[in-house]
Every structure is written in structure tokens, then in C-alpha cells.
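Number of protein chains: 2
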Amino acid sequence: MTTATGEDVLELLRAELPSSRIRTDQVTRDAYSRDDAEWAPYELPIAVVLPESVAEVAAAVRAAAAAGVHVVPRGAGTGLSGGANAVAGCIVLSLERMTAVLEIDEAERFVVAQAGVLNDALRAAVAERGLWYPPDPASSAISTIGGNAATNAGGICCVKYGVTRDYVLGMKVVLADGEVVTLGRTTAKGVVGYDLTQLLVGSEGTLGVIVELTLRLLPLGGREERAVVGSFPSLSAAGVAVAAITAAGLIPSALELIDRTCLRAVDEWQQLGLPHEVDTLLLAKVDDPGAAGEDAADRIAALMSRSGAVTVERATDPDEVNRLFRARRLAYPALERLGPVLTEDVCVPRAAVPEMLARIQAAADDNDVTIANIAHAGDGNLHPLIIAPEGDDAAKARAKVAFDRIVDDCVALGGTVTGEHGVGLLKLPGAAAELSPRVLAMHRAVKDALDPHGILNPGKAFPG
Amino acid sequence: MTTATGEDVLELLRAELPSSRIRTDQVTRDAYSRDDAEWAPYELPIAVVLPESVAEVAAAVRAAAAAGVHVVPRGAGTGLSGGANAVAGCIVLSLERMTAVLEIDEAERFVVAQAGVLNDALRAAVAERGLWYPPDPASSAISTIGGNAATNAGGICCVKYGVTRDYVLGMKVVLADGEVVTLGRTTAKGVVGYDLTQLLVGSEGTLGVIVELTLRLLPLGGREERAVVGSFPSLSAAGVAVAAITAAGLIPSALELIDRTCLRAVDEWQQLGLPHEVDTLLLAKVDDPGAAGEDAADRIAALMSRSGAVTVERATDPDEVNRLFRARRLAYPALERLGPVLTEDVCVPRAAVPEMLARIQAAADDNDVTIANIAHAGDGNLHPLIIAPEGDDAAKARAKVAFDRIVDDCVALGGTVTGEHGVGLLKLPGAAAELSPRVLAMHRAVKDALDPHGILNPGKAFPG
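These protein sequence lines are chains A and B, in that order.
Residues in the first sequence are numbered from 1162 upward in steps of one, following the numbering used here.
Residues in the second sequence are numbered from 1162 upward in steps of one, following the numbering used here.
Next comes the structure, spelled out in C-alpha cells:
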């Protein structure tokens, strides 16, 4: 990086972009300084740039590169790892104004859309044409498809339908010097050269700014949702049910777990009248149509009962399905009422879920912090939610100790330190523990190859 | 590359490896000089190395790197693009002796296996444990999973189940200096750092030598195969049926097309008694169980009839399903009886399949060559098979002209020049036409980052 002043880059930006695209006021700079990761460090950016076209993104990156100023790209800022947090002296480049759905190809089943389209808006647009975009992060109402791709976002349906990566066919990318390239394809298959599209997915804005995506779609029809929700007297009984469902070769379209702490928080807030003997809820969906779906739901219900479920509820009517999944939807906001939530995101082998949950509880007990659990149990992807009361610095410090211990336990059980939220800043130490020095050197070599001057989102995605 | 003599590397190899691992005789060097790509250039290697462990692969690559000698890695040599063809002064490193299935995890549904395990052997090993490895290249009986991953092999079930890439969770890789790294994970999800696993898949041995793979599996049970085979009076009628099946939102587990030239070759060889009014066969499978599968098969059969099929045959009994697909299995060997077959591998948007088939026929007519067509029609992935009689150099030259024209037509229709066989050597000009100069520069930068001395499989995978 050359030494540069904020004024250099602002002058270049103003020469290239309409003034409505550049914000330097304190309020805006503060609002765009961080994502939704609690306690990840951040700085105030020099400016926030809000481009409205690929050409404007390219111009902004060119200006930053010319001035030797860092660029932190950002979708909606809903990330939970600090990947979009501003670094000292940077500009934040928000893709939020790039919201055009450019093309929907019904015959080939793909959509081309700008990076700033919200996940739910994309789903709605393609649903009108009888098509379905499966990836469903919990943030789907407020997160962008560009951010989803940059972080390889997961969600609830992953257990059957995979993650964002599995739907990205191609993309338009602004490289670190401002040049625009098109990667990937629109066809169903293709093996020309290295899969740079897949390299960019999950690279957290460190290798290029994703400005446009070509996403594979599935037919909307042909599925029928059935919910099966079991209430269990203990976490371990629910863990046995998860293992039994997997071992039976069943692939539900959702298999979520909510623990006692979450359930109590939801119940205290919304008075759902959850019986007090319920310790853990296991929420499954299957979406095979007709008799096959009915059979799968029967088998899941039977396996829940056999594993010790106190009650097992079934639903097929869409409103009833939604009612049964209500506690899942309310869990996160219910917990946020108790204080800032530090969201963990470890992923362990499915068979290790009960052991990992026990270790999480031990980390909570030993550090005198509250940890609630939401889990994509069918994927072994756990979200321990560590809560420290607002303004209690001692509790915050203990929460951080618990966070680190959970990461260590996850690695010890053969897991990975981030299942779907990304490394960002919060998981840099975890990534350093998980990846070997030579693999980290490969990361550095790839980064240097594609961003030789280190312009894009420095210090994110992998430990330096 | 430093200048080196063959003796330097042989001396180093002999110091590091048992003598049974090193072959320098003319017959072996010739046998390992090329894969199954007709007419791709090749040289004789200095030696063929047949390591039996990861440590031996690493030692061989270290020796080659020290001597500045190129390494061409190879599975079973069944590739169709020349990706495994020897270059001047290289050693060929065959993984064929690394055939151990190391671990099958039933709970987590993955297998860890060495690169030299044959695809069918892997399927058999996991099937014994109630698990299924979907990727099914036509070469599955003779190709290795290491080669499948290095080329991101496709197959027949891709239309529903995806390609090799979709099943690779992680791998052990010997890098260009002989160091061994582990990439990826064993968990269902994970987003730590760049997805170097996916970068290696399909990189044709140019970035590292894949020595071990962790592959995701599906449950073996829960599927029931039903075949629906329609015979059509014209290619265009079959094309209409493909479009109708896709538009109806049906996702068959196979949707294959065989044209008149293939059918005649099969019939002349095996006297199947195919009626002469049959111009094109469209072969579909569905594998949804029970009523859903029956319904899908009904709908496919109805759409075939409505699109002009002369006959539509149905089968559910496994032997009958196999009988209906017999012409598909026999097509390639039947054509090989007519002369050396140059296999094309273009992939176009599904809607462009009829137009692409028409252009292929025009390329055949204008160049006076025989071109037969097998197509993974449901993916838009066509395999025009260009046949030139043995020893007819003029026909061979005309075939080459037709080959290039088909590639150009594919790009003009929005397709990609290789759907599943890879760039190797045969598709270097096509890749140069498809990829922009800057995207090619990105390839070169990534290659230089991970193999700075250019040791591994030089000149393959992307045009220099």
C-alpha cells in the first residue's frame, strides 16, 4: 500500500461518481462501520460509497486502488463475524442500491441478479415464474444475495438442499484494480479452467467485489411440507433422535434443535405455554410429496417417540407448519431481549452433537455465563448464543473465554470453527487453529495473486 | 524450470523410492504416455512412477521439483481431453496403486479413500454399508476417483444429483514442492477460509496431486428406478420432448438422447431390431419412490407422446430398466468399431439443444465426416462423436475442422466448450475463445501462486 490521505481518495471518487453516491457524514460512516457481529473490532471509514451500477463499482475500486486505500465491500451488513467491519482509513462500498433482477430463464432455470437484491426479494421474483431459490439464511428478509455468496451463507434447508455455493453458476466481479470480469457459466454443467466462481464464493470480499450473480434454480412445485415436532425431556434424548433419523437414511428438509434456555426465553416473552417438563424441541420438516412424504414424516415421528419424546406433533397445513416452527423463529429475538448476543457457529460431525452440546453447557457453567442453543442439528451446525448483560464488562470477558473454549472443543471433536457465518474477524484465531501453516500460506499466495496490492477487505477471511 | 537431464531425476527417484515403483522401459513409457483422447499430442515420459503411499507420492514430486522436471499426474488414463498426456522430459506419476478405502463413516455419511480407487469399487464398498456415491461417469468401471476429482467428472445422474465436485468435502494433496496438505473438512458444512478444495477439483493436476479424497455420500435406499424410453421420428421431436419435460418442472435422474447414427451402429452390431422409422431415442429415468415416481414417469411418458414419440416403453423391473437402456450402454463401443472416435463435449442451454444438434449435423455434412450423437440431454451436454476411418489422414483433417466448428457454434449459442471432460489439451483453443484475457491472467496468477516453478502438468487446463 502506498501512503495515502483520505483527501486523495475522496477527490478521485468525486471525479468519477455522482455526489449522491458518496457519504462522508459522521452518522452514515458510523452506521456502515460494522456488521451484526457483537464485539468484533471496527473503525470509522473515510467514506461510504453507494454505487448504482457495475461501472460505478468499478470506478470506486479504481479510485481506491489509485489512492492506495482499502475497500471493504458490504451487502446489508447482516454478517455475524465482522467480515464487513471497516478497517482504519478504508472506504466502505455498499452494494445495497444494486437491486435489479436482470434475467430469469425458465427453460434453463437460472436467474441473473445484481448483488444487492435481498434474498427474499429474489425468491419472490423467481417464484412468480414457478421457480425456487433454496438457500434460506435466517437473515433472508434483510440480507443480500451478494453477501450470501461472499460468505457462502447457509440456512435451514441446507440439510437437504445445500448451501449458497451449490446454487452459484457464475458471477460478474470487480477485481482489485477495478477491472470487471465474468466468471462461470449459465449452462447446467461446465469444466473450463479453474472454478474461479467457487473460489470467490465464501472469500468474504477479499478477492473481488461480486456485483452480479447467476444462480441456479429448482422448480417451485412438487414439494409438500410436513412438520414433525418432538418435545424431549433432555438434550441427550433429542441428540439420540437426531442420530436415529440420520442413521435411518432419512433426509428431512429441516432438522432444527432448540434448547431449554431458548425455550424459556421465548415462553417468557410470548407466553406460548410450553410445558415445563420440555427441555429440548426437535423440529423437523420433510417436503417429499404425497405418500413418500407421509411415510417419511411417520418414520421421523416414530423415531422421535422411540428416542424418548414426551410429545410429537404433526402438521401438513401450511399455517399449522408455521405454528409448530414459531418457537424457532422467535428464539433469536427472544434471546436478544436478554442482552447482546455473541453468536457461535461451530459445526461438528452429526454424531458428536450431544457431546458438543454437553461441552457447551460446561463452558457456560464454568464461566458463569448464559448460553442458549439453536442448532441446525441435521448438519451438526450449532449456534451457541452467549449472552452477557448490557454494560457488564466482567460478564463480557467471561463470555469471550467461553467463546474461545467452544471453538477449541469443536476442533477437538473433529469439527470446523465456522459452519456458515464465515471467518470475518471473530474466527481468525479459530481458523489459525484449524488450518495448517502451509494451507494458510496457500491462502496468502492466492490472495497476493488476485489482489497484489492488498486493496480488498484486508485482514478478513483468513489469519495473516 | 532449471535445465535438467533425465538422469538427475532418475537418480533422485531411485534414492527415495523402492525400485519396483520406477519404470523406464519403452513399453511402459509408451503405455503411460497418453490418455484416451484421440489425436491429442503426447511425448514419451522419462519414467513412469507408481507410488504406493502418500509419502512415496511426496518423495517423487520432491525429487522432480529438485531436478526441475515436470510431473504429469494420472489416474487410470481414461480422460478424453489429453489432460494426462506426457510432455517432453516429464515423469508420469500414476496413482493406480493407491487403492485403499480408508474409512467409511455411516453416521456422517462420508468415505475417505485413496485417489487410485476405481469409481465402481468405491460405490461397491460404500453400498455394503447402505450408502451411495452418485457421480457416475461412463468410465466408472475403469476410472479412478482421483481422476474423477481432478477433472470434475460428470455422468448420467448429474441432471438430478450433480457432478463430482458436489460430493468432494476434502482432500489430501501433494503440492508442487512435495509438501502434503489436508484441505476441506468432514462435516456437513464449513466456511473456514478459501475453498481450496473446490479450487483443486477440476484443476487437472496443475495445482497439486490429489492423493486422498473425503467424499460425501447419500443413503443407498429410498429410491426406485423407473425407465421411460421414447422413440422419435426426428431429432427435433425429441428436442421438443426434452424442453417439455424441463418446462414441466420434472427432474429425472437420467435424460439421455441417442441419434440415428448411433442407433444404426448399435443395431448393425447387436441386431436389436430397432424399427427403421426410429430416428432418435430419448431415455429417461426417474427414481422417486412409490406413487411420486409413478406419477413422474406417467407425466414424462405423456410429454413424450405429445411431442411426437412413435412408441413409449416403460419399465420398473431392474432387468427391464437395464434392457431399455441397453442401446445407451452399447452406443460408444458400437461407434468405436467404425474407426477412431474423436469425442466432443460441448454443453449448451437446454433450450438450445435442438439448434446445436442441427448445427452439428451441418458440420458433418459440410465436412463429409460421420458424426453420431450421444447427449446428456437433460443437462444440454452433448457428445458429438466424430468418426474418421483408421489411417485416412484426409478424413482426420476434415474431422478436426468439424470439431473446431462445433466448438465455435457452442460458444455462439451461449454454451461452454467442455461440459464434463475438461480442457486437457484438446480444448485449449476453445477455452481461449471462451475465457477473457483477464480471466486467463487470473488462471495464470493462481497457477504461479501454487506452483511457482511450473512443475505440475504444464500446459494443461487453461491456455498459456
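No residue lacks a Cβ here, since even glycine has one placed at the ideal position from N, Cα and C.
Nothing here was measured: the structure is a model prediction, and the numbers come from that model.
- Query: Exposed or buried, which one is Trp1537 of chain B when buried takes at least 16 other CB atoms within 10 Å?
  - Reply: Residue mapping note: residue 1537 of chain B aligns to position 376 of the second sequence, counting from 1. The amino acid occupying residue 1537 of chain B in the given sequence is His; Trp does not appear at that position. Under this definition His1537 of chain B is a buried residue.
- What are the partner residues of Trp1293 of chain B, as DSSP defines its beta bridges? For the purposes of this step, residue 1293 of chain B is taken as the residue at position 132 of the second sequence. Partner(s): B:Leu1379.
- Step through the CB atoms of chain A and report whether any lies within less than 8 Å of the CB of Ala1349 of chain B. As a working mapping, residue 1349 of chain B is identified with position 188 in the second sequence. With 8 Å as the cut-off, Ala1349 of chain B counts as an interface residue toward chain A.
- Query: Residues of chain B with CB under 7 Å from Val1584 of chain A, in chain order?
  - Reply: Taking the first residue of the first sequence as 1, we reach residue 1584 of chain A at position 423. The contacting residues are Val1353, Gly1354.
- Message: So for Ile1131 of chain A, helix, strand or coil by DSSP?
- Response: With chain A represented from 1162 up to 1625, any question about residue 1131 of chain A goes unanswered, as that position is not in the structure.
- Message: Using DSSP's beta-bridge definition, name the partner residues of Pro1545 of chain A.
- Response: Stepping through the first sequence from its first residue, residue 1545 of chain A is reached at position 384. Pro1545 of chain A pairs with A:Asn1534.
- Query: What separation, rounded to the nearest whole angstrom, lies between the Cα atoms of Arg1290 of chain A and Leu1416 of chain B?
  - Reply: Along the first sequence, read from residue 1 onward, the residue named residue 1290 of chain A stands at position 129. Along the second sequence, read from residue 1 onward, the residue named residue 1416 of chain B stands at position 255. Going from the Cα of Arg1290 of chain A to the Cα of Leu1416 of chain B covers about 24 Å.
- Task: Might you give, ordered along the chain, the residues of its own chain that have their beta carbon closer than 6 Å to the beta carbon of Gly1104 of chain B, omitting 5 neighbours on each side?
- Result: Examination of residue 1104 of chain B is not possible in this model, given that chain B is present from 1162 through 1625 alone.
- Task: Helix, strand or coil for Leu1275 of chain A, going by three-state DSSP, please let me know.
- Result: Taking the first residue of the first sequence as position 1, residue 1275 of chain A is located at position 114. According to the sequence provided, residue 1275 of chain A is Gln. The question's Leu does not apply to it. Three-state DSSP puts Gln1275 of chain A in a strand.
- Helix, strand or coil for Thr1477 of chain B, going by three-state DSSP, please let me know. Here residue 1477 of chain B corresponds to residue number 316 of the second sequence, with the count starting at 1. Note: Thr1477 of chain B maps to coil in three-state DSSP.
- If you follow the alpha helix (DSSP H) that Glu1189 of chain B is part of, which residue opens it and which one closes it? Residue 1189 of chain B sits at position 28 when you count from the first residue of the second sequence. Checking the sequence, you will find Thr at residue 1189 of chain B rather than Glu. Here the alpha helix (DSSP H) through Thr1189 of chain B covers 1187-1192.
- Message: Taking its Cβ as the centre, do 16 or more other Cβ atoms sit within 10 Å of Lys1232 of chain A, making it buried, or is it exposed?
- Response: On the first sequence, position 71 is the one that residue 1232 of chain A refers to. In the sequence as displayed, the identity of residue 1232 of chain A is Val instead of Lys. Per the 10 Å Cβ criterion, buried.
- Query: Which residue's Cα is closest to the Cα of Ser1395 of chain B: B:Thr1325, B:Asn1246, B:Val1320, B:Thr1472?
  - Reply: Taking the first residue of the second sequence as 1, we reach residue 1395 of chain B at position 234. It is B:Thr1472.
- Looking at the structure shown, is Thr1163 of chain B part of a helix, part of a strand, or coil, going by DSSP? Position 2 of the second sequence, counting from 1, holds the residue named residue 1163 of chain B. Confidence at Thr1163 of chain B is low in this model, with a pLDDT of 44, below 50, so its placement is unreliable and the value that follows should be read with caution. Coil at Thr1163 of chain B, not helix or strand.
- Tell me, please, whether the CB atom of Cys1319 of chain A is closer than 8 Å to any CB atom in chain B? By one-based count along the first sequence, residue 1319 of chain A stands at place 158. At least one chain B Cβ lies under 8 Å of Cys1319 of chain A.
- Message: Just to confirm the assignment: which complete beta strand (DSSP E) runs, minimum length 3, are found wholly within the region 1234-1285 of chain A?
- Response: 1252-1255, 1262-1266, 1271-1275
- Query: If we call anything under 8 Å between Cβ atoms a contact, is Val1248 of chain B one with Pro1619 of chain B?
  - Reply: Working through the second sequence from its first residue, we reach residue 1248 of chain B at position 87. Working through the second sequence from its first residue, we reach residue 1619 of chain B at position 458. Taking 8 Å as the Cβ cut-off, Val1248 of chain B and Pro1619 of chain B qualify as a contacting pair.
- So what's Glu1438 of chain A in DSSP terms, helix, strand or just coil? The residue given as residue 1438 of chain A occupies position 277 in the first sequence. Coil.
- If you draw a straight line from the alpha carbon of Ala1593 of chain B to that of Leu1601 of chain B, how long is it in whole angstroms? For the purposes of this step, residue 1593 of chain B is identified with residue 432 of the second sequence, where counting begins at 1. For the purposes of this step, residue 1601 of chain B is identified with residue 440 of the second sequence, where counting begins at 1. Roughly 8 Å separates the two Cα atoms.
- From the DSSP output, which residues share a beta bridge with Lys1333 of chain B? Stepping through the second sequence from its first residue, residue 1333 of chain B is reached at position 172. According to DSSP, which records beta bridges pairwise, Lys1333 of chain B is partnered with B:Thr1343, B:Glu1373.
- Query: Where do the ends of the alpha helix (DSSP H) carrying Glu1581 of chain A lie?
  - Reply: Reading the first sequence from its first residue, position 420 is the one you call residue 1581 of chain A. From DSSP, Glu1581 of chain A is part of no alpha helix (DSSP H); its letter is neither H nor E.
- Message: Just to make sure I have the definition right: I need the residues of chain A whose C-beta is within less than 7 Å of the C-beta of Asn1483 of chain B. Which are they?
- Response: Position 322 of the second sequence, counted from the start, is the residue given in the question as residue 1483 of chain B. Ordered by position in chain A, no residue passes the 7 Å Cβ test against Asn1483 of chain B, which lies about 24 Å from the chain.
- Task: Determine which residues of the region 1493-1511 of chain A have a Cβ less than 7 Å from any Cβ of chain B, and write them out in chain order.
- Result: Cys1508, Val1509, Pro1510, Arg1511
- Would a check of beta-carbon distances place Asn1542 of chain B closer than 8 Å to chain A? For the purposes of this step, residue 1542 of chain B is identified with residue 381 of the second sequence, where counting begins at 1. By this cut-off, Asn1542 of chain B is an interface position.
- Message: Is the beta carbon of Ile1532 of chain A closer than 8 Å to that of Leu1543 of chain A?
- Response: Within the first sequence, numbered from 1, the residue matching residue 1543 of chain A stands at position 382. Within the first sequence, numbered from 1, the residue matching residue 1532 of chain A stands at position 371. In this structure, Ile1532 of chain A does not lie closer than 8 Å to Leu1543 of chain A by Cβ.
- Below 8 Å between beta carbons: does that hold for Ala1405 of chain B and Leu1485 of chain B? Here residue 1405 of chain B refers to the residue found at position 244 of the second sequence. Here residue 1485 of chain B refers to the residue found at position 324 of the second sequence. No. Outside cutoff.
- Exposed or buried, which one is Pro1479 of chain A when buried takes at least 16 other CB atoms within 10 Å? By one-based count along the first sequence, residue 1479 of chain A stands at place 318. Counting Cβ neighbours within 10 Å, Pro1479 of chain A comes out exposed, since fewer than 16 surround it.
- Query: Since Pro1515 of chain A contacts Gly1351 of chain A with CB under 8 Å, what's their CB separation in whole angstroms?
  - Reply: Counting from 1 along the first sequence, the entry for residue 1515 of chain A is found at position 354. Counting from 1 along the first sequence, the entry for residue 1351 of chain A is found at position 190. Not a contact, Cβ separation roughly 42 Å.
- Query: Relative to the C-alpha of Asp1506 of chain B, which residue among B:Gly1451, B:Glu1474, B:Ala1556, B:Ile1567 is closest?
  - Reply: Along the second sequence, read from residue 1 onward, the residue named residue 1506 of chain B stands at position 345. Ranking the options by Cα distance to Asp1506 of chain B, first place goes to B:Ile1567.
- Item | Coil, strand or helix - Thr1358 of chain A by DSSP | As a position in the first sequence, residue 1358 of chain A is number 197, starting the count at 1. Note: Thr1358 of chain A maps to helix in three-state DSSP.
- Query: Gly1539 of chain B by DSSP, collapsed to three states: which one?
  - Reply: In the second sequence, residue 1539 of chain B corresponds to position 378, counting from 1. Of the three classes helix, strand and coil, the one that applies to Gly1539 of chain B here is helix, per DSSP.
- Glu1417 of chain B: first and last residue of the uninterrupted beta strand (DSSP E) it sits in: The count along the second sequence starts at 1 and reaches residue 1417 of chain B at position 256. Glu1417 of chain B -> beta strand (DSSP E) spans 1415-1419.
- Between Met1162 of chain B and Gly1615 of chain B, what straight-line distance do the alpha-carbon atoms span, to the nearest angstrom? Mapped onto the second sequence, residue 1162 of chain B falls at position 1. Mapped onto the second sequence, residue 1615 of chain B falls at position 454. Its pLDDT being 43, under 50, Met1162 of chain B is placed unreliably in this model, and the value from its coordinates should be taken loosely. In a straight line, the C-alpha of Met1162 of chain B is about 7 Å away from that of Gly1615 of chain B.
- Query: CB-CB under 7 Å to Ala1556 of chain A, same chain, minus the five flanking residues each way: which ones, in chain order?
  - Reply: What you label residue 1556 of chain A is simply residue 395 of the first sequence in a count that begins at 1. For Ala1556 of chain A, where only same-chain residues beyond five positions count, the Cβ hits under 7 Å are Val1530, Ala1549, Pro1550.
- Using a cut-off of 9 Å between C-beta atoms, extract the partners of Glu1417 of chain A located in chain B. Within the first sequence, numbered from 1, the residue matching residue 1417 of chain A stands at position 256. Correct list: empty, because the minimum Cβ distance to chain B is about 14 Å.
- Query: Excluding the five sequence neighbours on either side, which residues of its own chain have a C-beta within less than 6 Å of the C-beta of Tyr1193 of chain B, listed in chain order?
  - Reply: Residue numbering aside, residue 1193 of chain B sits at position 32 when the second sequence is read from its first letter. These residues qualify, in order along the chain: Val1209, Val1253.
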